[in-house]
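Numbering (the numbering used here), first residue to last: 838 to 1238. Quick reminder that beta carbons are idealized off the backbone N, C-alpha and C, glycines included.
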């Protein structure tokens, strides 16, 4: 991108503060009673993060595993730079089905053969299209500098950015896509979040960092919530969620092809309304093209697949309030971000009075990435910070009556 007044490299968050941001995020989520995340204080944040770079080479995220001995609760994703506008960008539920080390071991011989004679740098784990991760190899050979990016889960070679109007499988820089007007707003938001962190007395911060389980220290935090609302989709109230006859109201479907994100998202939403199709049956109705994915506006496909029984529409003005309103109406919807589609099935809104007033808005995202050969192991469920992600569109669907 053009030279920024808020360069990410000059606004990196100090390494020693990252784990505290992860811990504060876990404790805030527990205080707000966010489903699943409220139970994470039974463990703690493991102190060695997985470093994720932007494809421009700069550190982008630090992923900290949360759990206790022998059990992984999930991963907290902490921003590397203030220009992301958050301490914690997202909290991903459960252990991950992929391994960076396994991907590097598998891909390195392939890269050495393709780029024979080139000097290959140490591979990096990169976010090649938020939130999708890959292994990036940078090399210098007879033809000059080059790079190759491979999806960390499927090992498929990722093409560089294509058409912004398609949601599929290609690489782009998260940092380079943030304009200065957003950087300014996000840096200002981060400063408030940072003030919340340092408002905790140093001795207590040290105790939190050293704790083997976070439950005892949670009671020591005198945090004030002035607003706290969480809503998830609910379909059946005959049984509690712990009852043997209970069922999930919304089911995760992983994408079965690397550029099937919109297709898998449609499958999730259609299943909610009891329309059952395979992803290969859905793809043509959405205007899917192999290698290019789907257009952003796939609303006509939802109508066609339901004989117009679902009213579906496309919205390029994706706001927080519209997401909240859809969930309050018990309607899952497609949440579009640059190059990718996911389903949204809930939200959380908390307003804190700590060092000052800060607001946490989250979406409950059912993400069809990562791909996995065992489809039941693919995809991810994440509580995602609204303000640190650029939202490009929504697709709504509801019973037409």
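Taking the C-alpha atoms as reference points, what is the distance between residue i and residue j?
i            : j            : result
residue 996  : residue 1058 : 47 Å
residue 961  : residue 844  : 21 Å
residue 1028 : residue 1060 : 18 Å
residue 992  : residue 1193 : 45 Å
residue 1050 : residue 906  : 10 Å
residue 1239 : residue 1155 : Any question about residue 1239 goes unanswered here, given that the chain covers just 838 to 1238.
residue 1166 : residue 1141 : 23 Å
residue 1064 : residue 917  : 28 Å
residue 1025 : residue 1115 : 45 Å
residue 951  : residue 943  : 14 Å
residue 1069 : residue 1164 : 7 Å
residue 975  : residue 956  : 9 Å
residue 1023 : residue 953  : 43 Å
residue 1111 : residue 1122 : 17 Å
residue 1078 : residue 1043 : Bear in mind that a pLDDT of 48 at residue 1078, under 50, signals an unreliable position, so the number given afterwards is only what the model happens to contain. Between residue 1078 and residue 1043, the C-alpha separation is close to 37 Å.
residue 1118 : residue 1010 : 32 Å
residue 1107 : residue 847  : 45 Å
residue 1236 : residue 1104 : 16 Å
residue 1234 : residue 1138 : 11 Å
residue 1102 : residue 1145 : 18 Å
residue 1124 : residue 1143 : 16 Å
With a Cβ-Cβ cutoff of 8 Å, do residue i and residue j count as a contact?
i            : j            : result
residue 1136 : residue 1151 : yes
residue 903  : residue 880  : yes
residue 923  : residue 1224 : yes
residue 1066 : residue 870  : no
residue 911  : residue 1176 : no
residue 878  : residue 1052 : yes
residue 1178 : residue 1098 : yes
residue 891  : residue 972  : no
residue 1095 : residue 1002 : no
Tell me, which residues are paired with residue i by DSSP?
i            : result
residue 840  : Note: residue 840 sits in no beta bridge, so no partner.
residue 928  : 913, 1220
residue 898  : 889, 916
residue 956  : 977
residue 1150 : 1233
Okay, do the region 845-861 and the region 1030-1042 touch, 3+ Cβ pairs below 8 Å being the bar? A contact exists between the region 845-861 and the region 1030-1042.
If you pair each beta-carbon of the region 944-959 with each one of the region 920-934, do three or more pairs fall below 8 Å? The region 944-959 is not in contact with the region 920-934.
Where are the beta strand (DSSP E) runs, 3 residues long or more, that stay fully inside the region 1158-1228, in chain order? 1170-1174, 1177-1190, 1194-1204, 1217-1222
The region 1203-1220 in contact with the region 1126-1133 per 3-pair CB rule at 8 Å: By the Cβ test, the region 1203-1220 is not in contact with the region 1126-1133, since fewer than three Cβ pairs between them sit closer than 8 Å.
Contact between the region 963-970 and the region 1203-1213 is defined here as three or more beta-carbon pairs at a separation below 8 Å; is this criterion met? yes
Minimum length 4: unbroken alpha helix (DSSP H) runs contained in the region 957-1041: 1017-1035
Please give me, in chain order, every unbroken run of the beta strand (DSSP E) with length at least 3 that falls completely inside the region 1043-1072. 1061-1069
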